[in-house]
Ligand code: GLA
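Numbering (this note's numbering), first residue to last: 9 to 387.
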């Protein structure tokens, strides 16, 4: 009889085999899993899923650092996807207005696609008429980032890095950029940016999610109520290039100091709204000191979802004016005019050509660092 009973040693061995078979690969835990998403330039691209303990889930790919989906509970606790995007990598490769991407080296426009630094003029790749937009024809949104899977997946985070070669898209200096996405248990999507360079260069990293708090593909964002913590904004010319002025928002449709539905004044007869085809401007944040300060709040009544944006630099609010229904997104939903809004935390557009704006120059030996937190809640 006794031979039929398993020995202690054989039980331990069996348990070890079972554990090895069931435990995920070392880069995976229930808080961060990985699935193949395709290949670009012969490099493997993955879709990482981060899950927190409060019902949020983010799916992020190392192609362009794109946030592909972001599930956030509504006021009834039902999760919904609040960012525009595609189901497949091939759709991102075909055409995307920067859905969910990391934007670099320089977010927004640099006028006439050139700037002068330390007496030398640099000519950039013009990809927006005569100007350069979001880093050029192949910015950081269109490259494969390296995902660091050696960092323990004990918290739901994803570390990405990209080495941009000297002269890429016309920018000087080999630039190493690092972006860490963290999904905290208090329902924040936190983005930490860092960069170093081997030659003086300019830098303006941002993130380009199009939010729709009622759910991606569920209609326009005009009833979303927005608060922007800014007394001033940077006006633009008809080519969407900042003029260098910092203008008061007082008495204009740019005044979002009191929460206001985006659609209330978007059609007002106003030169800035005409130039931007709606809202497509940078606001000068009212800072309360060094570190993170509150930049924006958005609230959508039917879902009860809200976002707070906390950040270190300025913020571009873009009301999705170039969306026209040609981008057919997740679940076959076409994204029509103004169905997503972007809150791109960044330095002021065209700073390299605007000496009065805060500097965006990065020099060898310096370390660029900035942080943005998108904090979700319901009411
Ligand atoms: C930014 C710009 C807009 C537009 C979008 C992408 O928000 O400010 O003008 O280019 O990106 O379509």
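By construction, the Cβ of each residue, glycine as well, lies at the ideal position given by its N, Cα and C atoms. For clarity, every value in this text was computed on a predicted model and none was experimentally measured.
(message) Measuring only the C-alpha atoms, how far is residue 159 from residue 192?
(response) 16 Å
(request) Report buried or exposed for residue 38, applying the criterion of at least 16 other Cβ atoms within 10 angstroms of its Cβ. (result) By the 16-neighbour rule on beta-carbons within 10 angstroms, residue 38 is exposed.
(request) Locate the beta strand (DSSP E) running through residue 40, then write down its first and last residues. (result) 40–48
(request) Classify residue 138 as buried or exposed, calling it buried when 16 or more other Cβ atoms lie within 10 Å of its own Cβ. (result) exposed
(request) Pull up the distance between the alpha-carbon of residue 296 and that of residue 315, whole angstroms please. (result) Each residue's alpha carbon lies about 19 Å from the other.
(message) Nearer than 7 Å: is that true of the beta carbon of residue 201 relative to any heavy atom of the ligand GLA?
(response) Not under cutoff, so the answer is no.
(message) Taking 7 Å as the cut-off, is the beta-carbon of residue 352 closer than that to any non-hydrogen atom of the ligand GLA?
(response) yes
(request) With hydrogens ignored, establish whether the beta-carbon of residue 248 is closer than 7 Å to any heavy atom of the ligand GLA. (result) yes
(message) As a quick exercise: from 215, 97, 117, 205, pick the residue whose alpha carbon is nearest that of residue 188.
(response) 215
(message) On a Cα-Cα basis, can you pick out the residue from 109, 130, 181 that is closest to residue 119?
(response) 130
(request) Indicate the three-state DSSP secondary structure (helix, strand or coil) for residue 345 in the structure shown. (result) coil
(request) Go through the segment 38–115 residue by residue and report every complete run of the beta strand (DSSP E) that reaches 3 residues or more, in order. (result) 40–48, 51–59, 65–69, 75–81, 87–89, 109–111
(request) Following the continuous alpha helix (DSSP H) through residue 171, name the residue where it begins and the one where it ends. (result) Note, residue 171: premise wrong, no alpha helix (DSSP H); beta strand (DSSP E) at 165–172.
(request) Write down every uninterrupted run of the beta strand (DSSP E) in the segment 230–272 whose length is 3 residues or greater and which is fully enclosed by it, in chain order. (result) 233–236, 238–242
(message) Quick check on DSSP: helix, strand or coil for residue 176?
(response) helix
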